[in-house]
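**Q** Before I ask anything, here is the structure I am working with.
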Amino acid sequence: MASTTAASTAAAAAAAAPAAADPAVAKLNTLIKDQGEVVRKLKADKKDKAEIDAAVAVLLRYKAELKELQDEHSKGFVLKAPKGTQDFDPTQMAIRERVFGTIISVFKKHGAVTIDTPAFELKDTLLGKYGEDSKLIYDLADQGGELCSLRYDLTVPFARYVAMNKIRQIKRYHIARVYRRDNPQMNRGRFREFYQCDFDIAGEYDAMIPDAECVAVVYDVLSALQLNNFVIKINHRKILDGIFALCGVPAESFRAICSAVDKLDKAPWEEVRQEMVGEKGLDPKVADKIGEFVLLKGGQDLIKKLLEESELSKNEMAKEGLKLLTTLFEYLEIYNVLDRVSFDLSLARGLDYYTGVIYEAVLEGAQVGSVAGGGRYDDLVGMFAGKGSVPCVGVSLGIERLFAIILARETGNGTVKVKTSSTQVLVASGQKGLLKQRMDLLSEMWKEGIAAEILYKNNPKILDQFQYCEDHMIPLCLTIGEDEIKAGQVTLRVVATRQETKVARANLAEEVRRALRELPAAAAAAPTSAAAAPERA
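Going by our numbering, the sequence shown wraps up at 541, each residue one higher than the last.
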């Protein structure tokens with residue numbers, strides 16, 4: 005009995021050892037201890053219940069994270085991708101490549117060039133650019149040199165690139181991975197590592213002309229991806245600041261209250277109001293007055309009404325923002341995109357660097373959050389270049405959320421097969437000893453620019469080769485045998501119909517291309533082909 009107890013104790017100690025050595029566990033234990041003191045002090049001081057509840061919620065979150073870590077350590081090493089990341093199989097990658105191709109085609113249609121920047125930046129480059137979201141930045145371990153962090157988005161690295169290279173004008177797109185030390189919600193498209201697709205216009209231009217094109221880009225991308233249930237919400241930071249000033253929010257609290265308003269797309273007004281009053285310390289009457297404005301949404305008529313009839317027009321900052329949106333909506337009407345645009349005063353975009361128009365695209369009826377967002381950030385480049393500021397406006401697409409929706413649609417949630425390779429032709433033989441002849445024919449297809457392959461066997465069975473074509477959605481099969489070799493011919497088989505035709509070897513490439521042209525579009529298409537953006541109505 006004693007030996008059993010000793011063994012159990014030793015096993016428990018062994019399991020606990022990795023957990024105790026884990027810096028993340030040690031950090032959480034410290035956070036739990038400190039937050040516990042905060043809760044006890046709030047209770048002792050008989051603070052407001054909402055403030056105590058908020059502090060308790062933070063404490064419980066820390067404890068839940070600690071338990072999750074300890075559970076992982078107790079199970080030992082589990083072979084898996086890190087939390088908040090994902091692998092992609094061939095079907096997923098085929099669809100991702102097509103989606104990326106569609107997006108890039110829209111960006112290029114609008115005249116954008118592409119750049120690339122490092123996956124990590126100097127820590128000082130990222131500090132002070134993201135407001136309350138700065139806590140989500142991944143810091144890299146100090147290796148005795150520069151302090152670096154993984155990039156949080158593609159916008160700040162772009163601003164650094166523009167400032168460093170003294171660029172005055174550029175229209176660029178950038179598709180790359182970004183990293184956030186967030187609590188992942190994989191089912192809602194929230195990850196710690198994910199792709200962003202950015203389109204930005206930098207330079208001194210007349211008001212709202214580049215801004216209107218960025219909204220048109222969002223419209224074109226979502227339309228090209230056949231996501232027809234989207235709405236692009238638009239607001240202006242000057243309107244928000246005008247609302248806050250009119251309602252009596254202290255100037256130093258504008259950004260904090262803006263961050264709270266930004267949550268209205270995920271939480272009801274009652275919860276947001278409670279955060280303003282309980283956590284941000286805002287006067288309840290001020291919060292109620294803010295609610296009268298931020299719950300409004302509409303179109304050009306609402307902008308006109310606020311300019312002509314509302315007390316908001318008495319605030320110069322808000323009035324300027326409303327006039328700018330009037331111009332923007334006129335341009336969007338010319339671009340024929342107003343059918344998907346809404347003026348939404350609850351839109352806040354919590355990042356600190358936005359200075360003007362802001363916008364966000366959501367899919368109606370889909371519980372995935374926003375699928376695109378952006379706005380004007382005129383001062384960001386100036387943070388790096390001093391007096392050499394360059395006004396910028398841009399948009400970032402939430403590609404992971406878009407991809408999840410398109411994947412489910414195109415695979416029928418796993419019930420529909422997707423072509424994963426670009427192979428158009430399989431070179432086959434029904435007779436033994438013809439491997440070199442198959443390889444010679446395969447080489448000819450490659451030289452002619454035709455995607456082709458063979459089975460890696462000396463003498464594969466002909467039925468196995470035909471089945472391979474069907475399994476991998478290869479539309480054509482070229483078959484050779486002794487008789488075809490003597491006659492200088494090849495048998496061309498259309499896999500879907502099983503129709504076979506003898507063609508001269510000398511004309512083979514031309515006949516293969518003709519057969520591919522005559523196939524239904526879905527059968528002939530390579531998985532990376534990009535859909536063209538449809539014409540706007």
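Ideal Cβ placement from N, Cα and C applies to all residues, glycine included. Just so you know, these numbers come straight off a predicted model, no measurement behind them.
1. Relative to the C-alpha of arginine 348, which residue among Glu296, Ala370, His77 and Lys318 is closest?
2. Buried or exposed: which applies to lysine 133, given that a residue is buried once 16 or more other Cβ atoms fall within 10 Å of its Cβ?
3. Tell whether a beta-carbon distance below 9 Å holds between isoleucine 489 and leucine 438.
4. With DSSP as the reference, please indicate the residues paired to cysteine 201 in a beta bridge.
5. Counting C-beta neighbours from all protein chains within 10 Å, is the total for proline 524 16 or more, i.e. buried, or is it exposed?
6. Is it the case that the Cβ atoms of valine 82 and leucine 63 are separated by a distance below 9 Å?
7. Which residue wins for smallest C-alpha separation from alanine 510, given the options Glu55, Lys37, Lys45 and Met449?
8. How big is the Cα-Cα spacing for glutamate 618 and lysine 67?
9. When we look at the beta-carbon of isoleucine 213 and count the other beta-carbons within 10 Å, is it buried (16 or more) or exposed?
10. Under three-state DSSP, which class holds glutamate 522?
11. Valine 103: which of Tyr339, Arg502, Tyr199 and Gly303 sits nearest, CA to CA?
12. With 16 as the cutoff for other CB atoms within 10 Å, does isoleucine 338 come out buried or exposed?
13. Going by beta-carbon coordinates alone, are serine 433 and isoleucine 484 separated by less than 9 Å?
14. Tell me which residue opens and which closes the alpha helix (DSSP H) that glutamine 503 is part of.
15. Would glycine 392 pass as a contact of lysine 170 if the rule is Cβ separation under 9 Å?
16. Tell me, please, which residues DSSP counts as bridged to arginine 615.
17. Report the residue ranges of all beta strand (DSSP E) runs contained in full by the stretch 113-155; include only those spanning at least 3 residues, in chain order.
18. Where does the unbroken beta strand (DSSP E) through leucine 496 begin, and where does it stop?
19. On a Cα-Cα basis, can you pick out the residue from Gly135, Ala59 and Glu486 that is closest to glycine 282?
20. Can you name the residues that DSSP bridges to valine 235?
21. Any idea what DSSP makes of lysine 301, helix, strand or coil?
22. With respect to the alpha helix (DSSP H) encompassing phenylalanine 195, which residues constitute its N-terminal and C-terminal limits?
23. By DSSP's criteria, histidine 476 is part of a beta bridge. Which residues make up the other side?
24. Considering only residues of the same chain and omitting the five flanking positions on each side of lysine 242, which have a CB-CB separation below 8 Å?
25. Express the C-alpha separation of valine 498 and glutamate 522 in angstroms, rounding to a whole number.
26. For glycine 285 and glutamate 315, I'd like the C-alpha separation in whole angstroms.
27. Is isoleucine 458 helix, strand or coil by DSSP?
28. Could you tell me which of Asn187, Thr89 and Val117 sits nearest to lysine 139, measuring between CA atoms?
29. By alpha-carbon positions, which one of Glu125, Ile108 and Phe124 ends up nearest to threonine 118?
30. Would leucine 367 and phenylalanine 234 be called neighbours here (beta carbons separated by less than 9 Å)?
31. How far does the beta strand (DSSP E) with lysine 347 in it extend, from its first residue to its last?
32. Please report the straight-line C-alpha distance between tyrosine 381 and cysteine 152, rounded to a whole angstrom.
33. Terminal residues of the continuous alpha helix (DSSP H) containing valine 219?
34. Would you kindly work out how many angstroms separate the C-alpha atoms of glutamine 230 and aspartate 49, rounded to a whole number?
35. At a cut-off of 8 Å, would you count alanine 260 as near the ligand FMN, judging by its Cβ distance to the nearest heavy atom?
36. Report yes if the C-beta distance between alanine 291 and arginine 277 is below 9 Å; otherwise report no.
**A** Inspection of the coordinates gives the following:
1. Here the sequence assigns aspartate to residue 348, which means arginine is not the residue at that position. Of the listed residues, the one whose Cα sits closest to aspartate 348 is Glu296.
2. buried
3. yes
4. Ile179 and Leu401
5. exposed
6. no
7. Met449
8. A question about residue 618 goes unanswered here, because the residues of the chain that appear run from 5 up to 541.
9. exposed
10. helix
11. Tyr199
12. exposed
13. Between serine 433 and isoleucine 484, the gap from beta carbon to beta carbon is short of 9 Å.
14. Where glutamine 503 is concerned, there is no enclosing alpha helix (DSSP H), although the beta strand (DSSP E) it sits in stretches over 503-508.
15. The Cβ atoms of glycine 392 and lysine 170 lie closer than 9 Å to each other.
16. Any answer about residue 615 is impossible in this case: the structure gives the chain only from 5 up to 541.
17. 124-126 and 152-154
18. Its beta strand (DSSP E) spans residues 493-498.
19. Ala59
20. Val366
21. strand
22. Looking at the DSSP string, phenylalanine 195 is not in any alpha helix (DSSP H), and its letter there is neither H nor E.
23. Residue pairing by DSSP places histidine 476 in no beta bridge whatsoever.
24. Met321, Ala322, Glu324, Gly325, Leu328 and Gly360
25. 10 Å
26. 25 Å
27. coil
28. Asn187
29. Ile108
30. yes
31. One point to set straight first is that residue 347 is phenylalanine, not lysine, in the sequence displayed. First-last of the beta strand (DSSP E) with phenylalanine 347: 345-348.
32. 24 Å
33. 213-228
34. 57 Å
35. Ligands displayed in this structure: none; no statement on the ligand FMN is therefore possible.
36. yes
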